[in-house]
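A.B. asks:
In our numbering, the protein residues as written are 4 to 254.
1) Would you identify the three-state DSSP class for residue 4, choosing helix, strand or coil?
2) Leaving out the 5 sequence neighbours to the left and right, which residues in its chain are closer than 6 Å to residue 63 when beta-carbon positions are compared?
3) How is residue 161 classed by DSSP in three states: helix, strand or coil?
4) Cα separation between residue 115 and residue 106?
5) Take the Cβ of residue 209 as the centre, count every other Cβ of all protein chains shown within 10 Å, and call the residue buried at 16 or more, exposed below.
6) Based on the DSSP output, what are the partners of residue 151 in its beta bridges?
7) Quick one: measure Cβ to Cβ for residue 171 and residue 237, integer angstroms, because I've assumed they're closer than 8 Å.
8) Applying the criterion that 16 or more other CB atoms from any shown protein chain within 10 Å of the CB defines a buried residue, is residue 150 buried or exposed?
9) Are there three or more Cβ pairs, one per stretch, closer than 8 Å when the stretch 179 to 188 is compared with the stretch 109 to 123?
10) Does the beta-carbon of residue 218 have 16 or more other beta-carbons within 10 angstroms, so that it is buried, or is it exposed?
11) List the whole-angstrom C-beta distance separating residue 77 from residue 169, where the pair is believed to meet the contact cut-off of C-beta under 8 Å.
12) How about residue 184 and residue 143: are their beta carbons less than 8 Å apart?
13) Leaving out five residues on either side along the sequence, give the residues of the same chain with a beta carbon under 8 Å from the beta carbon of residue 81.
14) Pull the bridge partners of residue 96 from the DSSP assignment, please.
15) Leaving out five residues on either side along the sequence, give the residues of the same chain with a beta carbon under 7 Å from the beta carbon of residue 59.
16) Whose CA, out of 153, 8, 133, 108, lies closest to the CA of residue 45?
17) Do residue 36 and residue 52 come within 8 Å of each other at the CB atom, strictly closer than that value?
18) Considering only their Cβ atoms, is the gap separating residue 195 from residue 229 smaller than 8 Å?
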């Protein structure tokens with residue numbers, strides 16, 4: 004998460020791969036996916052960051068007003084609090100996983116009703132201007148935690164891109180949450196992946212990769228070997244947490 008300054012200070016907006024651009028802050032990810040028919044934004048982050056995201060979009064040469072769909076990874080304020088303001092500024096449709104609806108409806112900055120234009124089920128698609136994203140339910144961190152996948156073309160090749168939701172367990176893991184994570188960790192490892200991204204930049208080592216961006220050099224964001232490092236770390240932490248909970252019960 005970093006400091007308050009990290010959460011609100013723009014990181015250099017940049018192209019990740021194909022039609023995908025990073026427009027978030029130092030520690031909160033937001034992605035612009037451009038198409039000839041308008042754009043898709045993934046994660047509005049905090050409401051106070053929406054104008055910062057708008058500025059980053061403009062620095063890349065695109066118009067924030069051209070955002071047609073607003074997607075999110077999960078119903079926490081640091082990722083989707085800005086949905087209402089983003090919709091106000093762009094008119095974008097807000098699409099959310101149905102399991103996250105109750106938690107999203109509780110996110111009401113300044114009393115704003117959280118906009119929801121369409122609810123999604125696991126495996127549903129969102130298409131715009133030749134780009135297709137698939138919503139995968141990866142519950143555990145929240146009930147409707149959503150990992151998004153798409154393909155991006157760079158040069159003569161297509162690459163599988165994964166926008167990972169957080170896989171971190173909450174403070175108390177109930178049997179229901181454990182079952183959700185069991186399904187999630189099994190499922191995410193089955194996803195084709197060449198470019199791992201995440202709702203926090205540290206999940207895919209963004210800063211180090213950005214530092215290696217050079218014209219004519221291999222794209223450092225293409226990193227299939229490390230697609231599931233974050234999932235492996237979080238699963239190990241989950242198992243350790245469950246052991247601690249069990250020990251506490253048996254004392």
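We put the beta carbon where it would ideally sit given N, CA and C, even for glycine. Quick caveat, the model's predicted, so the values are computed rather than measured.
C.D. replies: In brief:
1) Note: residue 4 maps to coil in three-state DSSP.
2) Excluding residues within five positions, the ones whose Cβ falls inside 6 Å are 16, 24.
3) Looking at residue 161 - three-state DSSP - the assignment turns out to be strand.
4) Cα to Cα, the separation comes out at about 14 Å.
5) Residue 209 should be labelled buried.
6) When DSSP reads this structure, residue 151 sits in a beta bridge with 138, 166.
7) With a Cβ gap of about 5 Å, residue 171 and residue 237 count as contacting.
8) The residue is buried, with at least 16 neighbouring Cβ atoms inside 10 Å.
9) No: fewer than three Cβ pairs fall under 8 Å.
10) Residue 218 is exposed by the Cβ-count criterion.
11) Indeed, because the Cβ distance is near 6 Å, the residues count as touching under 8 Å.
12) Yes, they are a contact pair.
13) The residues are 4, 10, 31, 48, 49.
14) 72.
15) These residues qualify, in order along the chain: 13, 16, 26.
16) When only C-alpha atoms are compared, the closest one is 153.
17) Not a contact, by the Cβ cut-off of 8 Å.
18) Contact flag unset, no.
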